[in-house]
Each structure stands twice: as C-alpha cells, then as structure tokens.
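Residue numbers (my numbering), protein chains in the order written: chain A, 16 to 42; chain B, 517 to 796.
No residue lacks a Cβ here, since even glycine has one placed at the ideal position from N, Cα and C.
Given the structure is predicted, the values throughout are model-derived calculations rather than measurements.
See below for the structure under consideration.
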C-alpha cells in the first residue's frame, strides 16, 4: 500500500478466502 | 445465442455459510449415493465459484475434501454421530468436484465426481509406527478371515442365515500373525441352523443389513476367530415409480433407491468411494 508517511495504517485481517478451514486433519 | 457480456462468477469465501450449506448438501449426496464402504464427512472446502444461471438461479462449482468415517453406508446412524476414522487406523480421504444449482433457496446436485485415496504409509507411520496399513481386499488372508468370521457368526446365530455383501476394509498384523476385517452382510430367507446349500438362500425383500468386525489370529496348529456383528433394522420397501405411472412393491424392486449394494468385488481397491449416477 502507498500511504503518506505520517498516516497510520491499521493492519487489516489477512484474507484467505479459499481453501477453507480444515475440520479434522489434512492427509 | 446472442453475443452478450461474458458470464462472471461470484467470488465467495470457502468458509462462507452459503458455501458450507452447498458443501453439506454435496456430502449428503455422496452418502446417499455411495455404493459401498463408509460414510464420508466434510473436511475442507477447497474452491468455490458461483455462476449466474439463466433464466434463474445460480450454479455453485465446488471442490471439497472429505474424510471417511467409521460408519458403513448401510448403517442408519446419522452422519453427525459418526466418528472420523483416525489416522492411526489408516484414514481415507475423498476428493470431490460438484456442481449444484441453487434455486429458490434450495440446492440440487447437477454433477458429482469423487475419487478416494488412503493416506500414505509414511503419514500413518509418522503417527503410529507399529499400526497396520490397509490391505488389498482380495488378499487370500483377508478372504479367508471374512469367510471364517461369517461362518462363525452364522454358526452362533439362531436366526437368519447372513450372506456377505462386501468386504469393506482389512489390515494385516505380522505379530502375532492376525487379520482384521470389516465386512457388510445381509439376511437371507434361510434359517442359519438349517442351511445346507447357501446358494439356495435369497436376500429378504425387506432388506436387513449388518456390519461385522472380526479378527482372525493364526496359532500353532489352528486359528482363532473373534467376530462381532451389528444387525441394522430392516429397510422397508419403498414404492418405485413405474414407466406406466403406477407404483409397484414386490420382491424384484430395489428396496432402497439411494444405496445400491453390489456383490462383493475383491478387485476394487481397499478404499473405493463409488458415487452412483448423478442427477441431471
């Protein structure tokens, strides 16, 4: 992101749309 | 078709409730159409694309991963109560592609394709170095263990003679030399104590299935077999629509349209997830 040096930028949530969560375990 | 703007799919989060709803319909479809083996449960949604559909509705293009549970497909236990098979028992996963139509808030399966594969030997060894791996269902020791276990079960039965439907999984242990098997059975019209020629026994019109777990242990000069079978409640005949519009009930009618039970097929791999005909 390009911002002015004196403007604080809030860290947004990291978006991982896919793949979704693992419900049990990955094999 | 008139040239118009290109169709654009809608981006949806894989963990979005709407995506999950579609995935659960897909898993339900698998379990209602699987021909053999065990019920599967949702593990992960890999991809989702939502396409507009003319004249109305949307088509969900879905890729999902499933895991085998310990409930056989003939077991009436609801999926929510089925346990996912742990890795140390050599887990099996399903990799499925689905297309579902969403119209008026309802999902309909348009296309389904699943492949299943057992976990790698390396992965099983990582969590349990001594655990036995899945064995081929046509291994002679497996075939013998199933035969001995079913014979033992019928010998102890004071009811119907049960016939083998399928061998579902098997594991061989080297020390002590033993064979663990799981297999499905079905009641016949013969009384177990009176059977002389099993070939003359017929499956009941009102199907009654069972699921057995057995261990055959080799000993010096013989073998021990321990078998436990759970017999499920009978599955009532469901009237089948006939081509002339009437409905028929009779012994020639398949009792449960969702689940077709083939004869035991030893040539199938140990972890085949076979999904029946798709609804188009």
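Discussion item. Whole angstroms are fine: how far does the CA of residue 528/B sit from the CA of residue 744/B?
Written reply: What you label residue 744/B is simply residue 228 of the second chain in a count that begins at 1. What you label residue 528/B is simply residue 12 of the second chain in a count that begins at 1. Their Cα atoms are separated by approximately 46 Å.
Item to complete: Kindly list the residues whose CB is nearer than 6 Å to the CB of residue 619/B, restricted to its own chain and excluding five residues on each side of it in sequence; keep chain order.
Response: For the purposes of this step, residue 619/B is identified with residue 103 of the second chain, where counting begins at 1. Cβ within range, chain order: 573.
Worksheet entry | Residues near residue 705/B in its chain [Cβ-Cβ closer than 7 Å; skip 5 each side] | Counting from one through the second chain, the residue named residue 705/B turns up at place 189. Counting only Cβ-Cβ distances below 7 Å, and skipping sequence neighbours, we find 717, 718 and 720.
Practice prompt. Ignoring anything shorter than 3 residues or poking outside the stretch 574-606 of chain B, list the beta strand (DSSP E) runs there in chain order.
Written response: List check, beta strand (DSSP E) in window: 574-588.
Worksheet item: Is any beta-carbon of chain A found at less than 9 Å from that of residue 547/B?
Response: For the purposes of this step, residue 547/B is identified with residue 31 of the second chain, where counting begins at 1. Cβ-Cβ to chain A under 9 Å: no for residue 547/B.
Discussion item. Does the structure place the stretch 546-554 of chain B close enough to the stretch 562-578 of chain B that three or more beta carbon pairs sit under 8 Å?
Written reply: No: the two stretches stay apart, fewer than three of their Cβ pairs being nearer than 8 Å.
Discussion item. Rounded to whole angstroms, what is the Cα-Cα separation between residue 770/B and residue 565/B?
Written reply: Translated into the one-based positions of the second chain, residue 770/B becomes position 254. Translated into the one-based positions of the second chain, residue 565/B becomes position 49. For residue 770/B, the predicted structure reports a pLDDT of 28, less than 50, and the residue's modelled location is therefore unreliable. The matter cannot be settled from this model.
Practice prompt. For the stretch 705-715 of chain B and the stretch 660-667 of chain B, state whether three or more C-beta atom pairs, one from each stretch, are separated by less than 8 Å.
Written response: Three or more Cβ pairs closer than 8 Å define a contact, and the stretch 705-715 of chain B falls short of that threshold against the stretch 660-667 of chain B.
Discussion item. Less than 9 Å between CB atoms is the rule here; does residue 558/B satisfy it with respect to chain A?
Written reply: Residue numbering aside, residue 558/B sits at position 42 when the second chain is read from its first letter. With 9 Å as the cut-off, residue 558/B counts as an interface residue toward chain A.
Item to complete: Quick one: which residues of the stretch 558-585 of chain B get their C-beta closer than 7 Å to a C-beta of chain C? List them in chain order.
Response: In the displayed structure, chain C is absent; the protein chains listed are A and B.
Fill in: For residue 631/B, the nearest candidate out of 541/B, 595/B, 579/B and 732/B (CA to CA)
Sequence index remark: in the second chain, residue 631/B carries index 115 (1-based). It is 579/B whose Cα lies nearest to the Cα of residue 631/B.
Worksheet item: Is the CB of residue 616/B under 9 Å away from at least one CB in chain A?
Response: Walking along the second chain from the start, residue 616/B turns up at place 100. With 9 Å as the cut-off, residue 616/B does not count as an interface residue toward chain A.
Worksheet item: How long is the line joining the alpha carbons of residue 736/B and residue 742/B, rounded to whole angstroms?
Response: On the second chain, residue 736/B is found 220 positions in, with the first residue counted as 1. On the second chain, residue 742/B is found 226 positions in, with the first residue counted as 1. Taken atom to atom, the span from the alpha-carbon of residue 736/B to that of residue 742/B is near 17 Å.
Discussion item. Residues of the stretch 633-662 of chain B in Cβ contact with chain A at a cutoff of 7 Å, in chain order, please.
Written reply: Answer set for the stretch 633-662 of chain B: 635 and 639.
Practice prompt. Using 8 Å as the cut-off, classify the Cβ of residue 548/B as near or not near the heavy atoms of the ligand SAH, replying yes or no.
Written response: In terms of ligand content, the structure shown is empty, and the ligand SAH therefore cannot be addressed.
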